[in-house]
Structures are given as structure tokens and as C-alpha cells.
Amino acid sequence: MKPVRFGMIGGGEGAFIGAVHRTAMRLDGLGELVAGALSSDEDRALASAKAIGIPRGYASVEAMLEAEAALPESKRIEAVSIVTPNFTHAGLATACLEAGFHVVLDKPMAVTSEECAAIAAAAGKTGKTVTITYNYSGYPLVREARALVESGAIGAVRRVQAEYVQGWLATDLEASGHKQAAWRTDPARAGAGALGDIATHAEHLAAFVTGLRPSEVLADVSSFVEGRRVDDDASVLLRYDTGARGSITASQVCVGEENGLSLRVFGETGSLTWKQEQPNALEVRLLDGARKTVTRGMAASEAARLSTRTPPGHPEGFHDAFANIYRGAIDRIRGVDSVHSWMAPTAADGAHGVAFIEACLASKGSWVSLI
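Using our numbering, you'd call the opening residue of the sequence shown number -14 and step up by one each time.
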């Protein structure tokens, strides 16, 4: 079967996440990037396409959508990856869907719940798919953890603890002209700070593994760096309808931390611990005192086995997990029902993530309903 033909919006030469998306879509030979409008600056967009080696580079999104729609069906793009700042997501995703293209969209899905609803409405009207790149759900041992919870291996979930801590914004980096810091700390372009950038990842990871979404949140949200206009630190308490309780710590001012995402799930008869910086190990502890560290080679679930590419002892990481999300997106585009297609995050997951961010920002130390 021929690879799915992708276009890309944003993510030009030198952009970290754009390069990750390009690697992920190509890793299994299932997708190829054939077109792109890689920058809002026309000259930079064309220069980036040439430097990266994209066959059809366009000076603007409008030019790409119009030109691609006019090509024969066998040549035009089938899907668009959108890797731009948050405030542009709704307009771009809606335009791509209405032009007849599937969408892979970086998280958070949008800035507001109303924008998420507009994207979902466009997808429903056109029959095209939307996949949100909550990429940490693509790790094989995260999928093994989900399977263990579903099987009852640790009993009913009582407590969920997720932590996502970084240190890269511990100083006023945005004032130095750092491009990523500048837009991620700009409320007009990012919406929220640490909540939108990393807490939403932690909440989705917890929901993916446990199958639970919080019904209420109580958040303590702070901005430690003087003059910063978005949050850079948040502590969130979670209540679930099942009676389970949880917490999320998300901070980008933890000096010395790089990408410290971790998840602990405590059930009636056991617990699970997974850390993103050591992603090829899942710690399992049981009530009778038994302990084991599950590696990818030991994983028993079909979901974990189908999500790995290399033999046991050959570590896989960030790009491999991201590629698993693309495998799901591509299976959806092709209409294939698979482990990957039903595990890849949907527009509903994206909308929930934005609702979670909004509820945390509205909390101000009080419980806020997410139902």
C-alpha cells in the first residue's frame, strides 16, 4: 500500500517539533511529506521547503490548500500535519478539514472549548479524521500499563499521581529573544503556560492508562518568573466519579529538570510506575510483596507488542512513540480498524484536554466541575 501523502503547516527548518513530526510519519514507511507551507513568512516558507527537500513548497497555507485541492486525487495530499502555535490551531484545522484533508494536530487542540467544538463540527461535516499528538500514549510500556489496569492486575484504581517537571523556563528566557519561549509565554499565542504545554500531557497520560477522566479539579496556579504573563507552575487535585483521587504537578521552573514526566497508579491490590526518561521499564508492585520491572521484551499485551520496532534490549524512545501516534492516524485515514487507530488520541481527547486547562485556570483554589 502506498504511503499516505502529507502536507505540513509550520515546523520549518530548525523547528524541533516539525522535525519530530516528519520523522514520525516516515518511520514505518506509511507516510510521506510531499507539500508544505512551513512558515508564516513567505520567503522563509519556500526556503525551508527547499532545504528540507519537500517536493511542493508553498508560500502560504491558502496557496497550499488551493493548489493541492486542484491536483488529481492520486497526486494531492491526503492529510495535513499542523505544528504551529496554539492560537492558530482552530482556524488552520478547520480550513484543512473543509478543503477535504484529514488533520494531525499538535496539542493542545486549541485555546478554547469553543474552538475545539468548531474543529469537531468541521470534522463531522466533512467526514475527515482528526488526531491529536498526545505522543506519550504511544510508548509501548504505557500501553502495557493500560492493559494491566484493564485486566484488573492491580485492582480498582484508588489514586493517580502524575508529574511533569521541566526547568527550561526557570529564568526570563523569553526576554532574550528565544523563539520557543517567546510564543509559549505569550497568552495571545499560547493561551496558557505550563498547563497548556505540559499539564495537559500529564492528564491525558493518566486518563489513557487508567481509563478515568476527572470530574472535578482544584488547581493552585502560579507564575514564579517576574513579569511572566502565563502560568509556569501548577498543582492540581483531581476527583473521579469512581471515588478515586489524583494529583498532577506541572512546572517549567524546576531547575535541573529536563523532561521529567512520570505516572504512578495505585490500585486495591497493586501499583504501577512509569517514567518518560526511562521509558523502556514499567515497575509493578503487588499487595503480596511481589515486585518486578517489566521491559518491552516482557510485555504481554498485544498493544505493547505491536507498538515496538526493535528487539528486547534495544531501547526505543520519543520518536518511536510519536510514530505510533502517526500509525494510528494513518490507519484512521485508511479506514483500518487496528490497535493503533483506536489508541491514537482523537478530537474528543483534545477537547477534554482544553476543558481541563480551562477548569484549572478557573479554579483559583476552588473545586471546578469538568462534567
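Even glycine gets a Cβ: it sits at the ideal position worked out from N, Cα and C.
Looking at the structure shown, is residue i part of a helix, part of a strand, or coil, going by DSSP?
i, result
"Pro264", "strand"
"Arg198", "coil"
"Tyr124", "coil"
"Met(-7)", "strand"
"Trp168", "helix"
"Glu148", "strand"
"Glu17", "strand"
"Gly359", "Absent from the model: residue 359. The displayed extent of the chain is -14 to 356, so no value can be given."
"Leu23", "coil"
"Leu133", "helix"
"His163", "coil"
"Thr79", "helix"
"Ala105", "helix"
"Leu31", "helix"
"Gly302", "coil"
"Ile356", "coil"
"Thr116", "strand"
"Val391", "Residue 391 lies beyond the stretch modelled for the chain, which goes from -14 to 356, so this question has no answer here."
To the nearest angstrom, how far is it from the Cα of residue i to the Cα of residue j?
i, j, result
"Arg276", "Val127", "18 Å"
"Tyr225", "Gly274", "28 Å"
"Ala284", "Ala130", "9 Å"
"Val142", "Val269", "14 Å"
"Ile(-6)", "Met49", "9 Å"
"Leu222", "Glu27", "45 Å"
"Glu53", "Thr331", "25 Å"
"Leu346", "Ala191", "19 Å"
"Ala235", "Gly181", "10 Å"
"Thr293", "Thr227", "32 Å"
"Gly255", "Thr295", "29 Å"
"Ile310", "Arg290", "15 Å"
"Cys81", "Glu63", "10 Å"
"Arg29", "Leu272", "58 Å"
"Gly76", "Ala34", "22 Å"
"Ile37", "Ser24", "13 Å"
"Ser161", "Leu246", "27 Å"
"Gln263", "Pro40", "37 Å"
"Gly302", "Trp259", "13 Å"
"Gly231", "Leu56", "51 Å"
"Cys101", "Ser208", "26 Å"
"Leu31", "Ser348", "44 Å"
Quick check: residue i and residue j, are their CB atoms within less than 7 Å of each other?
i, j, result
"Ser323", "Asp334", "no"
"Ala179", "Ala219", "yes"
"Gly358", "Thr185", "Since the displayed the chain opens at -14 and closes at 356, residue 358 lies outside it and no answer follows."
"Lys113", "His87", "yes"
"Phe(-9)", "Ser66", "yes"
"Ile233", "Glu188", "yes"
"Val(-11)", "Ala22", "no"
"Val89", "Ala314", "yes"
"Val353", "Ala340", "no"
"Ala147", "Glu159", "no"
"Glu242", "Val115", "no"
"Val250", "Leu267", "no"
"Asn120", "Pro93", "no"
"Gly282", "Pro297", "yes"
"Gly140", "Gly252", "yes"
In the DSSP assignment, what residue or residues form a beta bridge with residue i?
i, result
"Trp327", "Looking at the DSSP assignment, Trp327 forms no beta bridge with any residue, so it has no partner."
"Lys277", "Val269"
"Ile183", "The partner list for Ile183 (beta bridge, DSSP) is empty, contrary to what the question assumes."
"Leu257", "Val250 and Val269"
"Gly245", "Val150"
"Ser208", "Paired residues: none, contrary to the question."
"Arg224", "Glu201 and Arg230"
"Ile67", "Ile(-6) and Leu90"
Just checking my contact of residue i with residue j at CB under 8 Å: how many whole Å lie between their CB atoms?
i, j, result
"Ala9", "His304", "6 Å"
"Ala107", "Thr79", "5 Å"
"Trp153", "Gln237", "6 Å"
"Leu12", "Glu201", "With 8 Å as the limit, Leu12 and Glu201 do not qualify as a contact, their Cβ atoms being about 39 Å apart."
"Ala105", "Ala336", "6 Å"
"Thr156", "Val96", "Rounded, the Cβ-Cβ distance is 26 Å, inconsistent with contact."
"Ala306", "Tyr124", "4 Å"
"Pro172", "Val145", "Incorrect: roughly 29 Å between the Cβ atoms, too far for contact."
"Ala177", "Ser286", "Not really, about 34 Å apart at Cβ, beyond 8 Å."
"Phe193", "Ser122", "4 Å"
"Arg312", "Leu18", "That belief does not hold up - the Cβ atoms of Arg312 and Leu18 are roughly 16 Å apart, past 8 Å."
"Asp91", "Ile183", "About 13 Å separates the two Cβ atoms, so there is no contact after all."
"Leu257", "Ala229", "That pair is no contact at about 14 Å."
Does the beta-carbon of residue i, which I'm using as the reference point, lie nearer than 6 Å to any heavy atom of the ligand GDP?
i, result
"Arg290", "Of ligands this structure carries none, so the ligand GDP is not represented either."
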